[in-house]
Amino acid sequence: MRVRRAWWLALAVCMPALTIAAQGFRGGRRGSPGREPNPNVPYDGRFTFVRVKFEPLGGGWDLKWDHDYPRAENHFMKILEELTTVKPYLEGSNILGFDDPALFRYPIAYVSEPGFWSMNEKEMAGLQAYVQKGGFIIFDDFAGQHWFNFERRWQEAFPGLTPVRLDKSHPIFDSFFRIESLDMDHPNYRGIKAEFWGAYEDNDPTKRLVMIANYNNDIGDYMEWSDEGFLPISLTNEAYKLAVNYIVYAMTH
Amino acid sequence: MARRTTDDEGGARLDRLVELLFKYRPFAFAKGSLAFDAPVPVWVIVVLALAAVGASTVWYSRHAGNLSRGTRVTLASLRAVAIAVLALALARPVLVLSTSVQQRNVVAVVVDDSRSMAVRDVDGGARGDVVTRLAGGADSSLLRALAERYQLRVFRLGGGGRLADASSVRYEGGRTRLASSLLRIEDDLAGVPTAGVVLLSDGADNSSADPGADPGEGGPAEQLLSLRARHVPVYTVGIGRERFERDVEVARVEAPRTVLRDASLFVQVVLVQRGYGGSRIPVVVEDSGRIVGTATAVLPRDGEAVSVRVRVPASEVGARLLEVKVPVQPGELIAENNARSTLVVVRDRREKILYVEGEPRFELKFLRRAVEGDNNIQLVTLLRSSRDKFLRLGVDDSLELATGFPRTREELFAYRGVVLGSLEAAFFTADQLRMLADFVGERGGGLLVLGGRDALGEGGYGGTAVSEALPLELQGVPEDAAAVATVQATPTAPGAGHPALQLAATDSANRARWATLPALTSVNRLGRAKPGATVLLNGIGDDGVASRPLLAFQRYGQGKAIVFGAQDSWLWQMDATIAVDDQTHETFWRQMLRWLVSDVPDRVETMIAEESGPGEGITIRAEVSDSGFLKANGAAVQGTVTTPSGVTQEVVLEWAVERDGEYRATYVPEGTGVHEVRLRAVVGRDTVNGASAYVRVAPPTSEYFGAEMRPALLRQVASETGGRYYPAERALDVARDMVYSASGATVVEKKDLWDMPALLVVMLVALGAEWALRRRRGVA
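Sequences listed follow chains A and B, in order. Start counting the first sequence at 729; every next residue gets the next number (the numbering used here). Start counting the second sequence at 11; every next residue gets the next number (the numbering used here).
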């Protein structure tokens, strides 16, 4: 526990610098693709990747939730279709808010950069209903002090539904691929080890996970750049394996 | 009543008219044959008659009078008729009949002593009072009339030996078994010259509900044939009214014999009535004295039936004795037929269902979620998550489904239901597809096929063994591009009342719930329902007009096959319009899966009547199968019967040779109440326990149901045996007709017919008319 607190301290000090460095990495942030997103695709029963949009804390030109869009989902859907029997929607993906009734047609949602996540009341009500009815959320691409915002928002929506750290024995790490090790580096902050957090329905470990949080990790980034070789292949593979497992788990539990 | 009286009076008048004109009753003509007994050969009379007719014709044709041609023909014809009638009389027609020899024959008078004979529907008196008037003593009308010619033996229909007369009969018999009782009485008269049997009864036979009936004995139809073969005529006298004036009856109560706990349980109540049309009366269902369901019935027109559905909770496990009651109405004739019981066994067992899915999809997730807290459903899931990669969920142990989909009948038939998801037919071998069809047809399991991109026709099932079992024609083929159709699930008339589709507590709330459910989508092209299939849900398209079958089922062999063509029923859980605490999706799937495995046979299937009277033998039957659900003949089958007081009795069942896998025993229950029967069979090396079956032992009440006088059966018994049916007011005609019985000690008699008034009347009319016409034309 003492070790963990030390990590927090180090991260809190270093994170701004690391973040700035990351923005410049690989030629800089690619603008904000979410400001001109591709049109949403119609529902046809197939699994369709849904990215959740929100008003990012602090405003500014960077929407945050759109990081890695749309390349990450495009790549991931192809991989998912290739590896599994899932029939994903390959011709596009969706961007929806928690307050959008259409979200309820897609019981798996992806939230990027929850460190900047904010919700109005309508969005919070939507999130609550979504999870209580059976929805599953993947939080990704946050590290260091971002945790505090994520945890605060989560607790606002679900007071008492406590995120717990998962180890490799959890079924989500064996739903398709058997993940032998959770030892994984953040794609941009080298040396920072990924952690996997989840929240159980009713806080009951025998029940399903309602969300998984890739803390100190960014599998979206791994997937986005998987066709350009910027990131280690082995870690990119791990990112895909995790993402596939999340989908299969969420479709079976 | 009015119609019956008219018919009977008409019959009596016809009999009298025939007797007046032709000397003898119609029954005599029916029994005898016509002949001629002329002192000279008949041809001589015919020649003479023709000569006379010819002469009169010539005479009229040459008559000098001023007669038209028509008048001449008419006069000649009238003369010819008179000559013909005279010739007929001279030929001396006779009726050749067998008639009973006086006092050399026995007549059995059989009195129906069942409870329905105590119904007071005959001029304020009981039916038994009519019997007393007819046969209550030596000087009673019918016995006196019969005794002039026959020796009499009086019997009760319910058994118990000979009586002096009917005065000592107590109308307490619990059941009426007309044909079998008559056979028994005729057995008693074997070797005795018997002119006939006179049956005094209301015809209310209830032998078809006899729990002790041995299937080997045959039903009433076979027994009637046996009666016919004895050649002893049965003369039946119908006592009572064919139509009550005022009565309400719980004619039928239908409920499943067994249900799984928490299933939707409906009791279907059929009421018939006379005299209370248009009234609204409450229908109450009680379980051990507690009211568990109510409904209101609007009584239909006289003689018509109305059906009412009452929802009853199935939360308490065990044998539930449900009593359906309607209040006794003012002026009702029979109060006892306002209540009827049925026995429903609520089982608390875990039904194992195999769900095979070809792709991870939300339908799988939410279906599993819907039943995950259900202690009565075990959904074993085999998910093909990649080629040759399977995810098993809900299995009992590491070996279950370890090699994928079952490859043997024993392995597959261990499940009671199979749900087939979006998984193409090519995944299975031909043997596995055949096995799936046999799972339904031979094992009696339930098969549910869900819609999906690789399901049904689009999954290549057209023309396979599985498609034969399905209730809908498959129109799609694998090469089709997926066509996504939005459909609003709408219950059909059968669906609205189906237990699996009850989403709310009342019918109106249920209709409203279905109307407000979010639309689903379907990617399968489903054709029309096959003959014998039932469509429960239609999918109405976006335009509100186009309709396609969405949920349908049919019986296939021993089991049932269901198609649910939607791919995303999970929208009934997730859709934005669905409240977080809404239970529609869970309720739908829990009921669907309960229905899927309802009536699926066990390896030892116990079959027993629902109720029996005290002291009546109960036939316990068992169908025993091996692990592949092939009928097993070499099994050792025995069981334990437990009385309500806890006393147990062992029974051993013997193989019924004429039917494979069937074993039987007869058990005579002691005491009243609900008796439990538990069977166990040793099949090869397996010992298999059957589920508990129950029988209610109570004084039978069937005599009070359908208690109106039933002349149809009495007529049938009479006509089959060569006798005749009489209403009570013409009972004395029995003695007159029985004279012509061909049974017993008889002699052949020739009854002269030449002097029957009809001949004289015809001759006089012909001659009179001829004379009148001649006089009118001035030639008389």
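No residue lacks a Cβ here, since even glycine has one placed at the ideal position from N, Cα and C.
(1) Where does Ala750/A sit, in a helix, a strand or coil, going by DSSP?
(2) For Arg319/B, which residues in the same chain have their Cβ closer than 8 Å to its Cβ, ignoring the five residues on either side in sequence?
(3) Mind checking the stretch 512-539 of chain B against chain A and listing, in chain order, the residues whose C-beta falls within less than 8 Å of any C-beta there?
(4) Taking the alpha-carbon positions, what's the Asp585/B to Glu851/A distance?
(5) For Ile807/A, which residues of its own chain have a beta-carbon under 6 Å away from its beta-carbon, when the five flanking residues on both sides are left out?
(6) With DSSP as the reference, label Gln883/A as helix, strand or coil.
(7) Quick one: what does DSSP say Phe415/B is sitting in, helix, strand or coil?
(8) Kindly confirm or deny that the stretch 457-468 of chain B and the stretch 415-426 of chain B touch, where touching means at least three C-beta pairs closer than 8 Å.
(9) Take Arg784/B and list the residues in its own chain whose beta-carbon comes closer than 8 Å to its own, dropping the five residues that flank it on each side.
(10) Measuring CB to CB, does Leu530/B end up less than 8 Å from Val497/B?
(11) What does the alpha-carbon distance come out to for the pair Thr776/A and Phe901/A?
(12) 8 Å is my cut-off, CB to CB: does Phe376/B come that close to chain A?
(13) Would you verify that the beta carbon of Ser840/A is, or is not, closer than 8 Å to some beta carbon of chain B?
(14) Going by beta carbon distance, what residues of the same chain come within less than 8 Å of Glu783/A, once the five residues before and after it are set aside?
(15) I'd like to know whether the C-beta of Glu369/B is nearer than 8 Å to at least one C-beta of chain A.
(16) Could you have a look at Val83/B and say whether DSSP puts it in helix, strand or coil?
(17) Taking Val772/B and Val91/B to be in contact with their CB atoms under 8 Å, please state how far apart those CB atoms are, rounded to whole angstroms.
(18) Just verifying my parser: in three-state terms, what is the DSSP assignment at Leu889/A?
(19) Just mark Arg172/B as buried or exposed, buried being the case when its beta carbon has 16 or more other beta carbons within 10 Å.
(20) Could you give the DSSP three-state label for Lys792/A: helix, strand or coil?
(21) Spatial neighbours of Arg521/B within its chain, please: C-beta separation below 8 Å, excluding the five flanking residues on both sides.
(22) Are the C-beta of Leu445/B and some C-beta of chain A separated by less than 8 Å?
(23) Would a check of beta-carbon distances place Phe372/B closer than 8 Å to chain A?
(24) Return the first residue and the last residue of the beta strand (DSSP E) that Thr246/B is part of.
(25) As an exercise, report each continuous beta strand (DSSP E) stretch of at least 3 residues that is fully enclosed by the stretch 558-599 of chain B, in chain order.
(26) Under 8 Å between the Cβ atoms of Arg535/B and Gln485/B?
(27) Reducing DSSP to helix, strand and coil, say where Asn802/A ends up.
(28) Quick one: what does DSSP say Met127/B is sitting in, helix, strand or coil?
(29) Among Ile93/B, Tyr735/B, Arg360/B, which one has its Cα closest to the Cα of Asp272/B?
(30) Drop a sphere of 10 angstroms on the beta-carbon of His241/B, count the other beta-carbons inside from all chains shown, and report buried for 16 or more, exposed for fewer.
(31) Whole angstroms are fine: how far does the CA of Ala510/B sit from the CA of Leu422/B?
(32) With respect to the alpha helix (DSSP H) encompassing Val68/B, which residues constitute its N-terminal and C-terminal limits?
(33) What residues match up with Leu210/B in a beta bridge as DSSP calls it?
(34) Closest by CA to Glu908/A, which one among Leu970/A, His803/A, Gly825/A?
(35) State buried or exposed for Ile865/A, treating a residue as buried only when at least 16 other CB atoms are found within 10 Å of its CB.
(36) Under the DSSP definition of a beta bridge, which residues are partnered with Phe864/A?
Quick answer:
(1) Confidence in Ala750/A is poor, its pLDDT being 45 and thus under 50, which makes the residue's placement too unreliable to answer from.
(2) Taking Arg319/B as the centre and dropping the five residues before and after it, the same chain places the C-beta of Phe276, Val277, Gln278, Val279, Ala305, Gly507, Asp517 closer than 8 Å to its C-beta, in chain order.
(3) Residues Thr531, Val533.
(4) Using only the alpha carbons, I get a separation of about 16 Å.
(5) Contacts found: Tyr968.
(6) Of the three classes helix, strand and coil, the one that applies to Gln883/A here is helix, per DSSP.
(7) When DSSP states are grouped into helix, strand and coil, Phe415/B belongs to the coil group.
(8) No, the stretch 457-468 of chain B is not in contact with the stretch 415-426 of chain B.
(9) Contacts found: Leu85, Ala790.
(10) Taking 8 Å as the Cβ cut-off, Leu530/B and Val497/B qualify as a contacting pair.
(11) Taking the straight line from one Cα to the other gives about 22 Å.
(12) So yes, Phe376/B belongs to the interface.
(13) With 8 Å as the cut-off, Ser840/A does not count as an interface residue toward chain B.
(14) If we look at Glu783/A and ignore the five residues flanking it on each side, its Cβ neighbours are Ser846, Asn848.
(15) Interface residue, yes.
(16) Correct three-state label for Val83/B: helix.
(17) Contact between Val772/B and Val91/B holds, with the beta-carbon distance rounding to 7 Å and staying under 8 Å.
(18) In this structure, DSSP gives Leu889/A a state outside helix and strand, which the three-state scheme calls coil.
(19) Arg172/B sits exposed, since fewer than 16 C-beta atoms from the chains shown fall within 10 Å of its C-beta.
(20) Of the three classes helix, strand and coil, the one that applies to Lys792/A here is coil, per DSSP.
(21) Scanning its chain for C-beta atoms nearer than 8 Å, with the 5 sequence neighbours on each side dropped, one finds around Arg521/B the residues Pro501, Ala506, in chain order.
(22) Sequence check: residue 445/B is Met here, not Leu. Cβ-Cβ to chain A under 8 Å: no for Met445/B.
(23) Yes, Phe372/B lies at the interface with chain A (some Cβ there is under 8 Å from its Cβ).
(24) It spans 244-248 - the beta strand (DSSP E) in which Thr246/B sits, taken as one unbroken run.
(25) Positions of the beta strand (DSSP E) runs, each at least 3 residues long and wholly inside the stretch 558-599 of chain B, are given as 569-574 in order along the chain.
(26) Against a cut-off of 8 Å, the Cβ pair of Gln485/B and Arg535/B comes out as a contact.
(27) If DSSP states are grouped into helix, strand and coil, Asn802/A belongs with the helices.
(28) Under the three-state reduction of DSSP, Met127/B is assigned to helix.
(29) When only C-alpha atoms are compared, the closest one is Arg360/B.
(30) Exposed is the label assigned to His241/B, since fewer than 16 other Cβ atoms lie within 10 Å of its Cβ.
(31) Answer to the nearest angstrom: the Cα atoms are 25 Å apart.
(32) Start and end: 52-71.
(33) DSSP output for Leu210/B lists Val121/B, Val247/B as bridge partner(s).
(34) When each option's Cα is compared against that of Glu908/A, the closest is Leu970/A.
(35) Counting C-beta atoms within 10 angstroms of its own C-beta, Ile865/A has 16 or more neighbours from the protein chains shown and is therefore classed as buried.
(36) Here Phe864/A is bridged, per DSSP, to Ile836/A.
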